[in-house]
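Trainee: One line per chain: the protein sequences are A and H, in this order.
Quick note on the numbering used here: the first sequence kicks off at 2 and runs consecutively.
Quick note on the numbering used here: the second sequence kicks off at 822 and runs consecutively.
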Amino acid sequence: MIEIRMPRLSDTMEEGTITSWTATVGSTVTAGDVLVEIETDKAVMEQEAFESGTLTHIVVPAGETARIGEVIAVLDGPDDLETPAQKGSSAAEELRGDAPGDDAPDSRLDDTPPAPPAAGSDATRADTSAAQPGDDAVPDDVDGPAGRAPGDGPRLTSSPLVRRLAREHGVDLSSVRGTGPGGRIVRRDLEAALDDGTARQLSDDTSPHPLADADQRRTAGGPSAQTTAPADPTSRSAGAADLARGSVEHPTTAAQRISAERLTQSTSTVPQFSVTATADVTDLVALRSTLVAELVAAGRAKVSMNDLVVRACALALRAHPDVNASYEAGPEGPVLLRHERVNIGVAVATDHGLVVPVVRDADTLPVSGVHDAVAGLAAAAHARRLTVAQMQGGTFTVSNLGMLGVEHFRAIVNPPEAAILAVGAVRQEPAVVDGAVVVRDRMTLTVSVDHRAVDGAGAAAFLQTLVGLLERPWAIVG
Amino acid sequence: MSMMTYRQAVHDTLQAEMRRDPDVLLIGEEIGVFEGSYKITAGLLAEFGEKRVRDTPIAEEGFTGAAVGAAMLGLRPVVEIMTINFSLLALDQIINHAAKIYGMFGGQTSVPLVIRTPGGGGQQLGATHSQNIELFYAFVPGMKVVAPSTPADAKALLLAAIRDDDPVLFLENLALYNTRGEVPDDDTPAEIGRAAVTRAGTDITLIGYSRMATVALAVAEDLARTDGIDVEVVDLRSLRPLDRETIVASVRKTGCAVVVEDDWLTYGIGAEIAATISDGAFDHLDAPVRRVAMAEVPLPYAKPLETAALPSTHDVARAVRETLDAVGWSAGAPTQPTTETRS
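1) Check the C-beta distance from residue 62 of chain A over to residue 19 of chain A and give it rounded, since I have them as a contact under 8 Å.
2) State yes or no: is the beta carbon of residue 1148 of chain H nearer than 8 Å to at least one beta carbon in chain A?
3) Where does residue 836 of chain H sit, in a helix, a strand or coil, going by DSSP?
4) Could you check the C-alpha separation between residue 311 of chain A and residue 166 of chain A for me, to the nearest Å?
5) By the three-class DSSP mapping on this structure, what secondary structure does residue 1150 of chain H have?
6) What is the rounded straight-line gap between the Cα of residue 1127 of chain H and the Cα of residue 1116 of chain H?
7) What residues from chain H crowd round residue 176 of chain A, counting only those whose CB sits closer than 7 Å?
8) State yes or no: is the beta carbon of residue 180 of chain A nearer than 8 Å to at least one beta carbon in chain H?
9) Roughly how many angstroms separate the alpha carbons of residue 1065 of chain H and residue 28 of chain A, rounded to a whole number?
10) Three Cβ pairs or more, each shorter than 8 Å: is that satisfied between the stretch 448–457 of chain A and the stretch 408–422 of chain A?
11) Just to confirm the assignment: which complete alpha helix (DSSP H) runs, minimum length 4, are found wholly within the stretch 963–1041 of chain H?
12) Using the Cβ count rule (16 or more neighbours within 10 Å means buried), how would you classify residue 377 of chain A?
13) Is it a yes or a no for the stretch 1069–1083 of chain H touching the stretch 1134–1149 of chain H, going by three-plus beta-carbon pairs under 8 Å?
14) Counting along the chain, where does the alpha helix (DSSP H) carrying residue 46 of chain A start and finish?
15) Using a Cβ-Cβ cut-off of less than 8 Å, list which residues of the stretch 1060–1089 of chain H approach chain A; keep chain order.
16) At 9 Å on the CB atoms, spell out the chain H contacts of residue 347 of chain A, in chain order.
17) Would residue 1131 of chain H and residue 927 of chain H qualify as a contact pair, given that the criterion is a beta-carbon distance under 8 Å?
18) Counting only beta-carbon atoms, is residue 141 of chain A nearer than 8 Å to chain H?
19) Report yes or no: is there a C-beta of chain H within less than 8 Å of the C-beta of residue 275 of chain A?
20) Does the beta carbon of residue 1104 of chain H sit closer than 8 Å to a beta carbon anywhere in chain A?
21) Got a sec: is the Cβ-Cβ distance from residue 94 of chain A to anything in chain H below 8 Å?
22) Counting only beta-carbon atoms, is residue 61 of chain A nearer than 8 Å to chain H?
23) Count the other CB atoms, across all protein chains shown, that sit within 10 Å of the CB of residue 294 of chain A; report buried if there are 16 or more and exposed otherwise.
24) Name the DSSP beta bridge partners of residue 2 of chain A, please?
25) Can you tell me where the alpha helix (DSSP H) with residue 14 of chain A in it begins and where it stops?
26) Which class does residue 470 of chain A belong to by DSSP, given the choice of helix, strand or coil?
27) Anything in chain H within Cβ reach of residue 187 of chain A, meaning under 8 Å, just list it in chain order.
28) Taking residue 957 of chain H as part of the alpha helix (DSSP H), name the residues at either end of that continuous run.
29) Does DSSP classify residue 1160 of chain H as helix, strand or coil?
30) What would DSSP say about residue 822 of chain H, mapped onto helix, strand or coil?
31) Identify whether residue 848 of chain H lies in helix, strand or coil by the three-state DSSP scheme.
32) Are the C-beta of residue 125 of chain A and some C-beta of chain H separated by less than 8 Å?
33) In chain H, which residues lie less than 8 Å from residue 162 of chain A when you measure between Cβ atoms?
34) Thinking C-alpha only, which one of A/49, A/356 and A/196 is nearest residue 382 of chain A?
35) Going by DSSP, what residues sit across from residue 74 of chain A in a beta bridge?
36) Going by C-alpha to C-alpha distance, which of H/894, H/845 and H/885 sits closest to residue 872 of chain H?
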């Protein structure tokens, strides 16, 4: 028997959501076959089988989430002599902790609750465990989300005490490992998760959480409404009340949640300021027109204003290594990391959330190379096919809303990067040149920086260099 | 303080109340000349005479009805029903008369009646003489049911029962009569409807009454010694009115509870306690409430079977350990969670 576990697909990944199973139960899998697609905090990734066998058990169905290391499926290896059915059940037993010596029960895959504590010769003893099928053998809807049929996939169970504490601490219980009967999360589990920092905070989203869901139902219908009603008016209860006015809840993706968390982290832990300058890009616009004409004539892709801006940033960063940096914790206190490489993240808005793929060594690429890289990454982003590697290692980010007509905005620093550039639209404006008012193309640029890494003068110097490159653009393509 | 048996405490309290209040009289089978099947009324006929210590025929409905009438007219009769099993013959007088008269007749008369009766099995008296049917009376509005587990509570609650203006069923227990304990010398009645935390603890709440309150306490002390478990014990003392506040406050503190009872599990007192906990401490529960009760059989006569059917200290300890296992409890400081990730 081979257990397929949720792999660690990125450094920051804590759990993954099964997007779809490529293999079906009963099918034969060969090592290297794609088994499953997993959405991490960064991307949807395909996971291959490392060994061959028959897929006997899908433990975590599509749409469900599992933490790293949790069994998501079971394969029967070629050496297994038992029938798949036998094997499947014994695997399930082992996984829910019935097997001898297994002290890490993980019964999230446990459709059938464990047997009650052995009654043995006391079978007639009328304590609760013997007189009833067992205190764990409650129907699904007693302790779990109502309305789920048994076998509808794993579910989280937790004690009422834990649900109250989780509400009070704003903890997302799906981040807490349950060690109680049937995998129930008990107080000790929650306390341990809070202590070791693995308890994830519920973001202010509307993700359909099975436990929150159960609480909703209780709150709505039960006599304990007062005690279970969340105190936070912005919580889902308030949202539920809004249903009458037509608000509709949509689940969030892992990418949206991780983005929300990091933005919150940035604004709450990174002291930021921004500097703004307007560049006269008349020459840049002319240069791009010339370039585009040449490229079209040669049958090649056009370059965008953004490609030129990214290229200019790369050059400016090379001139200002203090901005291409990170303020990070080191073993002996905080350090400033100056990055030798210039890797520029480009914010891409997709219909499934904001992603920031990274153009590596942007300072070494010609404008056409930047264009090819950005275009390839953007296409992958829209198709949700970005790899984790394609989203890691950025040292600076460019966010451009110019194509949407935005004149000026301020972006939030993307930690651990020290700076982010917000690019506005190119617009024609009257300008004074050599004492005369003329029409010029202008663009407003705003750099937000982590003040711990970069001070005002440093940010201004970088922006000055950047504006200079955009105003005298031959260096960009030189 | 005096050290005495539960039996002595009941006896002395009856005697003291009869001396204090000439309206207090005793009615029952074999309580005079024979001095009671369990010798509770020893010497009282000699001291107070036949008018106040009335031997009756074997006719529970009749003499209970006579006592209801006496109470309506201002006396304070204390009926002894030999065991609670025989109270079934007087059900109509107790439930339809004693418990109803005050309410049905607009409060014209109260019924200051006490029915003393022992319950409990374990004496090889057979299925019909070994029952714990106090639930029947605790079920009925208009009744009060108290169930002392110690000699001190026997005194304090009997004082309260005799001085109370409503019908009170005073539950004794055959297995408790010879238990000993300190009894205060003063005549301060207990407050009916007030449970007692007989052992403060932090890990789990054990709830019982009458004999099982003493079993719970013994198990708590054993578990503290052997496992380091800090059990809080709640002795209900009164089944109606029920002290829900004390129960809920304890479970809110400990997060889990085991209810122990000598009666049958299904529909038993423990079910009411469990529901009380669910109502008042739901958001504090870390594990389901467990109940330990008697086997759901007519209690066998044969000693090994009788012993097997009754809830034992072993059963209670097991339920406590299993409940604590379910919340990952371990002795001392909270242990580290399982962090092993199999690969």
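Every residue gets a Cβ at the ideal spot worked out from N, C-alpha and C, and that includes glycine.
Mentor: With the structure as the only source:
1) 7 Å
2) yes
3) helix
4) Rounded to the nearest angstrom, the two C-alpha atoms are 47 Å apart.
5) Of the three classes helix, strand and coil, the one that applies to residue 1150 of chain H here is coil, per DSSP.
6) 10 Å
7) Identification of chain H residues near residue 176 of chain A by a Cβ-Cβ cut-off of 7 Å yields none; the smallest Cβ-Cβ distance measures about 13 Å.
8) yes
9) 58 Å
10) yes
11) 972–984
12) exposed
13) yes
14) It is not in any alpha helix (DSSP H) - residue 46 of chain A instead sits in the beta strand (DSSP E) that spans 45–49.
15) For the stretch 1060–1089 of chain H, which is checked against every Cβ of chain A, the residues closer than 8 Å are 1076, 1085, 1086 and 1087.
16) Result: empty, since nearest Cβ-Cβ is about 36 Å, beyond 9 Å.
17) no
18) Any reading at residue 141 of chain A must be qualified, since the residue scores a pLDDT of 40, below 50, and its modelled position is unreliable; no value is offered.
19) no
20) yes
21) Note on residue 94 of chain A: pLDDT 42, under 50, position unreliable in the model; no value is reported.
22) Not a single CB atom of chain H sits nearer than 8 Å to the CB of residue 61 of chain A.
23) exposed
24) Paired residue(s): none; residue 2 of chain A is not in a bridge.
25) Note, residue 14 of chain A: premise wrong, no alpha helix (DSSP H); not H, not E.
26) helix
27) The contacting residues are 1107, 1108, 1147, 1148 and 1149.
28) 955–959
29) In this predicted model, residue 1160 of chain H has a pLDDT of only 33, less than 50, meaning its place in the structure is not dependable enough to derive any value.
30) coil
31) strand
32) For residue 125 of chain A, the predicted model reports a pLDDT of 45, less than 50, meaning its position is unreliable; a value from the coordinates is still stated below. Yes, contact with chain H.
33) 1076, 1104, 1105, 1106 and 1107
34) A/356
35) A/5 and A/59
36) H/845
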